[in-house]
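Q: What follows is a structure written as structure tokens; I'll ask about it next.
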Amino acid sequence: MVLTGVPALMVALVLGTSASPLPVRVSPTASHQERLKAARALLQESPLVDGHNDLAWNVRMILHNKLRTFNLSSDLTQEKPWRKSPYSQTDLPRLRRGLVAAQFWSVYVPCEAQYMNTVQLLLEQIDVIKRIIAASPRETKLVTSSGEILEEFGCGRVASLLGVEGGHGLGSSMGVLRALYDLGVRYLTLTHKCHTPWAECSETINHVAPNAPGLTQYGKEMILEMNRLGMMIDLSHSSSQTARDVLATTRAPVIFSHSAAFALCDAPMNIPDDVISALVENDGVIMVSFYNDFLTCGKPSNIASVIEHINHVRTMAGVDHVGVGAGYDGINRTPEGLEDVSKYPELFAELLQDPSWSLQDLKKLAGLNFLRVFGKVEEPLSLPLPPSHFPPPVHLPPNTFSSPAYPFPSPNPSPSLHPTPFYSPPNPLPFLSPNLFPLSPPNPFSFPPTQPLPSPPTQPLPFPHQPLPFCSTPHNPFPSPHPTSSLSPYPTPSLPSHNPSPSPTNPHPIPFPSLPLPNPSPSLPPHPNPPFTHPPQPNPLLPPPPFPPTGEPAPVGGEAFGGDHSHSRHRRQVAVPVQVRQPRQRPHLT
């Protein structure tokens, strides 16, 4: 079987058998510029995926989500107030200089909004991210699958993805979880710096919700629902016990989108060695953060500090389970040499002089490990959920669970087991995750297959990439008012544009879309017996109008009524025959 299009590119990248690999290996004595050039060549050949970026929250805090003066395509280092902010480290020019192929944008709301308006704030953040992406169609595009990441990598655009940071934003509702998946969210960080009623965070001091002992039974059902949907589980910010419970429950690989090793820095969010080792069996990936508080516990750091954490994860779990998730725009202290997203080639230039890192290992670190995990999460579940995973239903009082009337904070200071809410029957919905790979078993519930993509180019692309022949048009100067949703499996037919010509009554016509008219039916001969119709009867209570005799067309416009009525210009101008009432003749008296 011959694979073409995105699956073929995925196989070629994973196996390291691209048609013409670039000679990126350099000697240990090479200069920094030579290694930097080789690192750029490596990242042009294999996609780089960053697991976490907090730009959207900065847009809310600084601009209140008003985008009139914001453009991600501009150089924010030269614009106020971004150039003075220690949290501003991202824009599209720097993403392109950093050779970032895919960026996860964090959909974050603060923990203080839990039990109040978190769902509303979450939807507003998704909205602002999508508006930011839509404003730069030539440089970036919202994607929802691993195949689309590779497609945009070939087209030269930055693939943008959505990840929700903090399960408190769900309101403990599986319906909200499913709705977020439909909106394009592809990973969920179970907790942030606060516990949820069903999962425990890594923070030891928390004043938002009572302490949860790891993952509750309802939390396990959340995990299984995410498996069914095809949504990745992010364990960053989760406690060690929550991570262990998730690894014992999930049937799909997990990720840590922005974390580091606890053995090197005992920050609460960092991962202990036993959890790192457990990722071998789970086949997950840890994406190392660049935050000084996680790398060196707040002390000054540099590129060597990041490499130390990367090497530790590689030692404990293997090279197949490490990636990068810097956390830019959410951190104000970065390693020296990695100040913003444009500095990624510097990291790989340093790794190139380490002989223990092969070229294929560096490609895995850049993004292939994440793409492998993403692809496995997307595969539909082949077996039904066992009955043992579903507890007996428990009904809760209406004001004690996921309700704005829930006390804030909880009046119970002791650890709570968090009662399990009523759960819907097993598999209430069909499998929603797409079947992206030809070797996977067929999915009877999948959507109709889309048009396959042509084969990708065999030669490595220069950067910035030029759009390939099979790439969609990056910019449409006349977009349809009803665009096709990137999440819809069915294409929406384009509406033809109708441009009316100027006329005396409409000197400045406005183009508007119009639906295609059906083909006119063939002309039919008149019916031999047409239905009888009564002639129009005049109203005897009204005087006869000053119309011409019967059979002549009536004048159009206001002149028919003895004057120029300006409002008549907007009426339909049709000449119709008018039946004029003849005055009654009086008999002559003799």
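According to mature numbering (1 follows the signal peptide of the UniProt record, and there is no 0), the stretch in the sequence shown is residues -19 to -1, 1 to 571, in order.
By construction, the Cβ of each residue, glycine as well, lies at the ideal position given by its N, Cα and C atoms.
Which of the three DSSP states is assigned to residue 219 in this structure?
A: In this structure, residue 219 counts as strand in the three-state DSSP scheme.
Q: Can you round the beta-carbon distance between residue 84 and residue 139 to whole angstroms, since I take them to be within the 8 Å contact cut?
A: Contact flag correct, Cβ pair sits at about 6 Å.
Q: Taking the alpha carbon of residue 262 as the point to measure from, which residue in 285, 298 and 52 has its own alpha carbon closest?
A: Checked all of 285, 298 and 52; the closest Cα to residue 262 is 298.
Q: Starting from residue 252, follow its DSSP beta bridges and name the residues at the other end.
A: According to DSSP, which records beta bridges pairwise, residue 252 is partnered with 242.
Q: Measure the CB-CB distance between residue 130 and residue 28 and report whether it falls below 9 Å.
A: In contact: residue 130 and residue 28 (Cβ atoms closer than 9 Å).
Q: Could you compute how far the alpha carbon of residue 373 sits from the alpha carbon of residue 205?
A: Because residue 373 carries a pLDDT of 46, less than 50, the predicted location of this residue cannot be relied on, and no value is offered for it.
Q: Can you give me the C-alpha to C-alpha distance between residue 217 and residue 174, rounded to a whole angstrom?
A: Looking at the two C-alpha atoms, the distance is approximately 10 Å.
Q: Closer than 8 Å is the cut-off here; do at least three beta carbon pairs connect the region 11 to 21 with the region 312 to 332?
A: Touching, yes.
Q: Relative to the alpha-carbon of residue 343, which residue among 295, 357 and 319 has its alpha-carbon at the smallest distance?
A: Of the listed residues, the one whose Cα sits closest to residue 343 is 295.
Q: Identify whether residue 297 lies in helix, strand or coil by the three-state DSSP scheme.
A: It is helical.
Q: My output table needs one value for residue 51: the three-state DSSP class, helix, strand or coil.
A: The answer is coil: DSSP assigns residue 51 none of H, G, I, E or B.
Q: What does a CB cutoff of less than 6 Å around residue 21 pick up in its chain, not counting 5 residues either side in sequence?
A: Cβ neighbours of residue 21 beyond the five flanking positions: 326.
Q: Are at least three pairs of beta-carbons, each pair with one atom in the region 91 to 110 and one in the region 339 to 357, less than 8 Å apart?
A: The region 91 to 110 is not in contact with the region 339 to 357.
Q: Count Cβ pairs between the region 97 to 110 and the region 333 to 353 that sit closer than 8 Å; are there 3 or more?
A: They do not touch, by the three-pair rule.
Q: Should residue 65 be labelled buried (16 or more other beta-carbon atoms within 10 Å of its own) or exposed?
A: That one is exposed.
Q: Between the beta-carbon of residue 240 and the beta-carbon of residue 251, is there less than 9 Å?
A: Against a cut-off of 9 Å, the Cβ pair of residue 251 and residue 240 comes out as a contact.
Q: Would you call the region 209 to 229 in contact with the region 312 to 319, where contact means no fewer than 3 C-beta pairs closer than 8 Å?
A: Not touching, per the Cβ criterion.
Q: My understanding is that residue 169 touches residue 145, with C-beta atoms under 8 Å, so please give their C-beta distance in whole angstroms.
A: Confirmed, about 5 Å.
Q: Alpha carbon to alpha carbon, what distance is there between residue 98 and residue 304?
A: If I take the Cα positions, the gap works out to 34 Å.
Q: Give the straight-line distance between the Cα atoms of residue 339 and residue 213, rounded to the nearest whole angstrom.
A: So the two alpha carbons sit approximately 28 Å from each other.
Q: With a threshold of 8 Å on Cβ separation, who are the neighbours of residue 278 within its own chain once the five nearest residues in sequence on each side are excluded?
A: Answer for residue 278: 246, 247 and 248, listed in chain order.
Q: Which stretch, first to last residue, makes up the beta strand (DSSP E) that contains residue 334?
A: It is not in any beta strand (DSSP E) - residue 334 carries neither H nor E in the DSSP assignment.
Q: Which runs of the alpha helix (DSSP H) spanning at least 4 residues fall entirely within the region 17 to 42, listed in chain order?
A: Counting only runs of 4 or more, we get nothing.
Q: Do you know how far the Cα of residue 257 is from the Cα of residue 301?
A: Going from the Cα of residue 301 to the Cα of residue 257 covers about 12 Å.
Q: Less than 9 Å between the C-beta atoms of residue 224 and residue 200, yes or no?
A: Contact flag unset, no.
Q: Excluding five sequence neighbours on each side, which residues of the same chain lie with their C-beta closer than 8 Å to the C-beta of residue 287?
A: The answer, listed in chain order, is 269, 271, 276, 316, 319 and 328.
Q: Reducing DSSP to helix, strand and coil, say where residue 267 ends up.
A: Three-state DSSP puts residue 267 in a strand.
Q: Which residue from 195, 36, 100 and 290 puts its Cα closest to that of residue 154?
A: Considering only alpha carbons, the answer is 100.
Q: Using the Cβ count rule (16 or more neighbours within 10 Å means buried), how would you classify residue 242?
A: Flag for residue 242 reads buried.
Q: Quick one: Cα of residue 308 to Cα of residue 202, how far?
A: Distance between the alpha carbons of residue 308 and residue 202 is about 29 Å.
Q: Identify whether residue 348 lies in helix, strand or coil by the three-state DSSP scheme.
A: Note: residue 348 maps to helix in three-state DSSP.
Q: Among the residues of its own chain, which have a CB less than 6 Å from the CB of residue 172, if the five just before and after it don't count?
A: Correct list, in chain order: 148, 180, 182, 218 and 219.
Q: Taking the alpha-carbon of residue 207 as reference, which of 197, 195, 167 and 176 has the nearest alpha-carbon?
A: The option with the nearest alpha carbon to residue 207 is 167.
Q: Quick one: give me the first and last residue of the alpha helix (DSSP H) that residue 199 is part of.
A: 198 to 210 is the extent of the alpha helix (DSSP H) around residue 199.
Q: For residue 165, collect the residues of the same chain with a Cβ closer than 7 Å to its Cβ; drop the 5 residues on either side in sequence, then sort them by chain order.
A: Result list for residue 165: 123, 125, 143 and 468, in chain order.
Q: Going by DSSP in three states, residue 286 sits in which element: helix, strand or coil?
A: Looking at residue 286 - three-state DSSP - the assignment turns out to be helix.
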